[in-house]
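Structure first, then comments.
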Amino acid sequence: MVDEVVLASSLGMLAGAAFLSFLINYLLLRFSRNLGMRQVSDEPILRWGVTSKPSLGGFSFLIVFLIALAAYGLFPSSREMFNKELLGLLLACTLGFLIGLADDTYNTNPLVKFIGQFICANILISTGLVIDMTPVYGLNYFITSLWIIGLMNSINMLDNMDAITAITSVFIIIGAMLMIILQPDYSSLYLIILTGVLGALIGFLYYNWHPSKMYMGDTGSQFLGVFLAGISLLFFWHFRDPTVEYFQLKQLVIPALIFIVPLVDTGTVFIRRLARRQSPFVGGKDHITHHLAYLGLSDSWVAITLGSISLISVFLLAWVTSLMGQWTFLYSVIGLGYFLFVFILFQILYNIAQKRAKAKELT
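This is the structure we're talking about:
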């Protein structure tokens with residue numbers, strides 16, 4: 014369990030990071046009104062809101078992340094920070110931020126963006142962060158690359174309405190912190206880093222909650238995508254019996270639970286667009302967030318609804334973690350059953366929203 018010194022440091026980091034993020038975003042809004050806004054001639058970005066706003070939130074995420082790293086270096090036990098996994102996470106997150114910055118500024122070619130994401134994935138994999146799912150390393154490499162690149166795009170796609178990506182990321186980070194705290198040999202380094210990024214998101218949410226004053230932009234979503242992917246490889250994907258080489262169903266439970274909102278959203282969009290013979294890689298107002306709004310929920314209630322689903326996942330994660338030593342197939346069924354229940358529920362709501370939209374067009 015966490016000792017009193019680390020707990021006090023984490024609480025101080027949370028408060029300090031939230032205030033610093035609030036201050037950074039305030040200054041960016043005050044002095045850089047046009048920064049992070051694409052020109053009118055650029056390709057349009059399909060967001061729910063119609064008002065152009067600065068896309069600056071990612072700056073506070075990266076700055077607070079770096080400060081959290083530097084702050085941990087002041088601890089007497091800071092030797093823990095000199096490891097290749099952390100170096101890989103630092104490099105990949107910085108590159109992810111730069112990819113997003115280029116896209117926010119110049120609306121970069123999708124292929125260039127994909128190449129950057131592929132490099133991010135390879136940076137993490139080169140440090141040993143691999144999803145060990147099969148005895149074939151090449152297949153594990155492919156699965157890990159697909160997960161990292163897919164999550165970077167999934168988090169980006171989810172950033173289509175005020176506060177959605179931020180509040181979802183908050184609960185994913187809380188889940189990771191929970192996994193750390195419940196370990197007997199927990200990592201105070203990653204606890205401090207996660208606390209810092211959590212505080213950055215909380216400070217940003219003040220400006221991103223509906224009606225928002227700013228967006229996180231691709232700088233924020235790409236940073237968060239690779240950061241959460243790296244954290245998931247460290248703490249969410251290793252729930253398996255190391256003596257068994259073949260695929261284990263229980264290994265999917267924790268990632269499916271904690272990433273339930275982005276996975277359900279991306280899965281829904283992909284299935285629906287492919288069924289309509291449309292590209293799943295272009296923007297559109299057919300995400301689960303939009304269909305909750307079509308059903309009559311306000312933007313704030315959409316964020317609260319998806320945040321509540323993520324909160325339930327955190328509670329289930331705590332329950333699952335407590336059962337690691339006595340796992341049975343039934344627990345896998347319950348964990349993945351919740352994921353399937355939410356996924357099917359959103360398909361039903363999606364169909365209802367579509368019927369209502371068509372009925373309005375006829376009247």
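Quick note on our numbering: the sequence shown kicks off at 14 and runs consecutively. Glycine included, each C-beta is placed from N, C-alpha and C at the ideal position.
Residue range of the alpha helix (DSSP H) that includes residue i
i	result
Q235	G230 to F248
Q130	P123 to S139
V149	Run containing V149: none; DSSP gives neither H nor E here.
E98	K97 to Y119
D299	Careful: D299 lies outside any alpha helix (DSSP H) and carries neither H nor E.
D312	D312 to S335
N221	S201 to N221
Under the three-state DSSP convention, the category residue i falls into
i	result
R51	Legend: pLDDT at R51 = 48, less than 50; position of this residue unreliable, no value from coordinates given.
P255	coil
T181	helix
F272	coil
A176	coil
L195	coil
S34	helix
S292	coil
V143	coil
S45	coil
W160	helix
F260	coil
G86	coil
E56	Residue confidence is low: E56 scores 44 on pLDDT, short of 50, so the model does not pin down where it sits. Its coordinate-derived value is still stated next. Correct three-state label for E56: coil.
G348	helix
G188	helix
L362	helix
T281	helix
L20	helix
L308	coil
Closest residue to residue i among the options (Cα-Cα distance)
i	options	result
F74	W332, I322, L241 and L308	L241
G377	V277, N364, G230 and I156	The structure shown has nothing for residue 377, since the chain only spans 14 to 376.
F110	L99, R369, K97 and K126	K126
P148	F359, Q360 and V257	V257
V277	N173, F78, L191 and I301	I301
L137	L24, L246 and S234	L246
I273	H303, Y39, Y228 and V327	V327
D175	W314, A21 and L24	W314
I284	S335, F359 and T232	F359
T181	F72, A316 and V346	A316
V183	V346, G25, A31 and S345	A31
T341	D254, E374 and A331	D254
Residues sharing a beta bridge with residue i, DSSP
i	result
S377	Examination of residue 377 is not possible in this model, given that the chain is present from 14 through 376 alone.
Worksheet item: Given 8 Å as the limit, is there contact between the stretch 131-147 and the stretch 245-254, that is, 3 or more CB pairs closer than that?
Response: yes
Worksheet item: Should the stretch 189-203 be regarded as contacting the stretch 303-313, the criterion being three or more beta carbon pairs within less than 8 Å?
Response: no
Discussion item. Across the stretch 96-107 and the stretch 129-140, are there enough close Cβ pairs to call them in contact, namely three or more that are closer than 8 Å?
Written reply: yes
Worksheet item: Is the stretch 346-357 touching the stretch 265-276, taking contact as three or more C-beta pairs under 8 Å?
Response: yes
Worksheet item: Counting Cβ pairs, one atom from each stretch, are 3 or more of them under 8 Å apart for the stretch 212-227 and the stretch 147-166?
Response: no
Practice prompt. Report yes or no: do three or more beta-carbon pairs, one from the stretch 187-194 and one from the stretch 220-229, lie closer than 8 Å?
Written response: no
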